[in-house]
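Peer 1: Have a look at this one.
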Amino acid sequence: MAVHRTKMLIIGSGPAGYTAAIYGARAMLEPIIVQGLQPGGQLTITTDVENYPGFADVIQGPWLMEQMQAQAEHVGTRTMWDTIVEVDLEGGAPFRAIGDSGDEYIGDTLVIATGAQAKWLGVPGEQELSGKGVSACATCDGFFFRGKKVAVIGGGNTAVEEALYLTNHSDDVTLIHRRDELRSEKILQERMFANPKISTLWNKAVESFEAGENGTLSHIVLKDTQTGEISTIEVDGAFVAIGHSPATELFKGKLPLDANGYLLTEPGSPATAIPGVFAAGDVSDHTYRQAVTAAGMGCMAALDAERFLAAQDFAKPAAVAAE
Ligand SMILES: Cc1cc2nc3c(=O)[nH]c(=O)nc-3n(C[C@H](O)[C@H](O)[C@H](O)COP(=O)(O)OP(=O)(O)OC[C@H]3O[C@@H](n4cnc5c(N)ncnc54)[C@H](O)[C@@H]3O)c2cc1C
Numbered sequence: 017m018a019v020h021r022t023k024m025l026i027i028g029s030g031p032a033g034y035t036a037a038i039y040g041a042r043a044m045l046e047p048i049i050v051q052g053l054q055p056g057g058q059l060t061i062t063t064d065v066e067n068y069p070g071f072a073d074v075i076q077g078p079w080l081m082e083q084m085q086a087q088a089e090h091v092g093t094r095t096m097w098d099t100i101v102e103v104d105l106e107g108g109a110p111f112r113a114i115g116d117s118g119d120e121y122i123g124d125t126l127v128i129a130t131g132a133q134a135k136w137l138g139v140p141g142e143q144e145l146s147g148k149g150v151s152a153c154a155t156c157d158g159f160f161f162r163g164k165k166v167a168v169i170g171g172g173n174t175a176v177e178e179a180l181y182l183t184n185h186s187d188d189v190t191l192i193h194r195r196d197e198l199r200s201e202k203i204l205q206e207r208m209f210a211n212p213k214i215s216t217l218w219n220k221a222v223e224s225f226e227a228g229e230n231g232t233l234s235h236i237v238l239k240d241t242q243t244g245e246i247s248t249i250e251v252d253g254a255f256v257a258i259g260h261s262p263a264t265e266l267f268k269g270k271l272p273l274d275a276n277g278y279l280l281t282e283p284g285s286p287a288t289a290i291p292g293v294f295a296a297g298d299v300s301d302h303t304y305r306q307a308v309t310a311a312g313m314g315c316m317a318a319l320d321a322e323r324f325l326a327a328q329d330f331a332k333p334a335a336v337a338a339e
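Using the numbering used here, you'd call the opening residue of the sequence shown number 17 and step up by one each time.
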């Protein structure tokens, strides 16, 4: 078991974490990034990425994350294959974290970039057809279904927002909901019901997603929640929109969270309630949830961490890795 000390400890290796690392390393903060169970974050489970600036051609999500990791390491980041299982934020900086490996990490500042995970239905075909017609992000993948028939599954704000967004690309959007009324805000419902491109299927639960001969999604099997009747709907794309779970279990009772479990930060800033602890990316953002916004917040967190250190007496070289 080893103790690793740094001026900037980053938990999470998605776009937010790696961007914080790039900025932190270039500010000589000798960052350590702890990767967690999904090195590279959510983009590693997708294929085409077409909206990350700087690339004229479509790029692959896993490739983009490899590039971010390489860039962070080239400028001096140390990447750790570990998952944080405990944090101690009491008493302020420096902050302690314990890894699954038993190693201890001590950071004069802490950037929390643990992200979020889309909730899935857990029905047959869903994971197999993920990226082949089934998605959990209309902003990310809606463009790939231009002029095609799509469905959105869910009944809350996320589902209605996704359905409205998809009408930019498709004239045939069906919202499928397991109840006979929506949970989303009334204003969103009014907008949706007024939109002629969106139709609704009430009291229908998804039984499975089915592939056609070409291996991509061809139809969804539905079960009526009132009568049990089975039906199908042919679609080219299906967007599961039943919410996201931010990875904030570690911070419960230690940092303020909102009602949905997202880390609360000062408006327009990555600062949390504890000076020296910053949050970046999807872990504190339930609104935008994009790679580029996560990266932007990672940059903000690193710059603010640098300013925090400059105002403290931590500007001495860190005792790196007492391994
Ligand atoms: C299928 C799919 C397709 C998408 N497509 C696009 C797209 O085309 N364009 C776009 O802009 N966005 C897209 N997104 C959204 C984008 O991936 C996210 O907005 C972005 O990855 C958020 O970055 P993040 O750094 O905040 O967190 P994440 O990418 O969620 O990364 C979180 C990181 O935290 C780590 N972690 C969690 N807990 C711990 C712990 N206890 N200890 C250590 N590490 C931990 C994880 O291992 C992971 O590395 C897509 C998302 C999905 C799911």
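All C-beta atoms, glycine included, are put in the ideal place defined by N, C-alpha and C.
What separation, rounded to the nearest whole angstrom, lies between the Cα atoms of Glu89 and Ile236?
Peer 2: 44 Å
Peer 1: Could you name each continuous alpha helix (DSSP H) segment of 4 residues or more that falls completely within the region 19 to 75, going from the start of the chain to the end?
Peer 2: 31 to 42
Peer 1: When burial is assigned at 16 or more other CB atoms within 10 Å of the CB, is Thr22 buried or exposed?
Peer 2: buried
Peer 1: When DSSP builds the beta bridges, which residues end up paired with Lys238?
Peer 2: It is Leu, not Lys, that sits at residue 238 in the sequence shown. Paired residue(s): Val222 and Ser247.
Peer 1: Give, in chain order, every unbroken run of the beta strand (DSSP E) that is at least 3 residues long and sits entirely within the region 265 to 299.
Peer 2: 293 to 295
Peer 1: I need the DSSP call for Val176, collapsed to helix, strand or coil.
Peer 2: When secondary structure is reduced to three states using DSSP, Val176 falls in the helix class.
Peer 1: Residues bridged to Met96 by DSSP?
Peer 2: Val50
Peer 1: CB Ala317 to CB Ala32, shorter than 9 Å?
Peer 2: yes
Peer 1: Please name the residue, chosen from Ile27, Ala43 and Tyr34, that lies closest to Glu322 on a Cα-to-Cα basis.
Peer 2: Ala43
Peer 1: Output the distance between the C-alpha atoms of Asn276 and Ser261, rounded to the nearest integer angstrom.
Peer 2: Distance between Asn276 and Ser261, taken at the CA atoms: about 8 Å.
Peer 1: Would you kindly work out how many angstroms separate the C-alpha atoms of Val139 and Phe255, rounded to a whole number?
Peer 2: C-alpha separation (whole angstroms): 14 Å.
Peer 1: If we count Cβ pairs, one from each stretch, closer than 8 Å, do we get three or more for the region 269 to 289 versus the region 191 to 201?
Peer 2: No: the two stretches stay apart, fewer than three of their Cβ pairs being nearer than 8 Å.
Peer 1: Hey, would you say the C-beta of Pro78 is under 8 Å away from at least one heavy atom of ligand 1?
Peer 2: no
Peer 1: Counting Cβ pairs closer than 8 Å, one from the region 111 to 125 and one from the region 139 to 149, do we hit at least three?
Peer 2: no
Peer 1: Have a look at Glu66, Gly52, Ile169 and His193 and flag the residue whose alpha-carbon is nearest the alpha-carbon of Ile114.
Peer 2: Gly52
Peer 1: From Tyr34 to Thr62, what does the alpha carbon distance come to, in whole angstroms?
Peer 2: Roughly 18 Å between the two C-alpha positions.
Peer 1: Taking the alpha-carbon positions, what's the Ala331 to Trp79 distance?
Peer 2: Because Ala331 sits at a pLDDT of 48, beneath the cut-off of 50, its placement in the model cannot be relied upon, and the point is left open.
Peer 1: Which residue comes first and which comes last in the alpha helix (DSSP H) that contains Ile203?
Peer 2: Residue range Lys202 to Phe209 is occupied by the alpha helix (DSSP H) that includes Ile203.
Peer 1: Three-state secondary structure (DSSP) at Gln306?
Peer 2: Three-state DSSP puts Gln306 in coil, outside helix and strand.
Peer 1: Where Ala152 and Leu145 are concerned, what is the direct C-alpha to C-alpha distance, given to the nearest angstrom?
Peer 2: 12 Å
Peer 1: Please return the same chain residues whose Cβ sits closer than 8 Å to the Cβ of Ala289, not counting the five positions on each side in sequence.
Peer 2: Leu271, Pro272 and Leu280
Peer 1: Would you identify the three-state DSSP class for Arg195, choosing helix, strand or coil?
Peer 2: coil
Peer 1: Taking 6 Å as the limit between beta carbons, can you name the residues of its chain near Ala41, skipping five residues before and five after?
Peer 2: The beta carbon of Ala41 is closer than 6 Å to those of Pro47, Val91, Gly92 and Thr93 in its chain, skipping five residues each way along the sequence.
Peer 1: Secondary structure at Pro262, three-state DSSP: helix, strand or coil?
Peer 2: strand
Peer 1: Closer than 8 Å to a non-hydrogen atom of ligand 1 - does that hold for the CB of Leu59?
Peer 2: Yes, since a heavy atom of ligand 1 falls inside the 8 Å radius drawn around the Cβ of Leu59.
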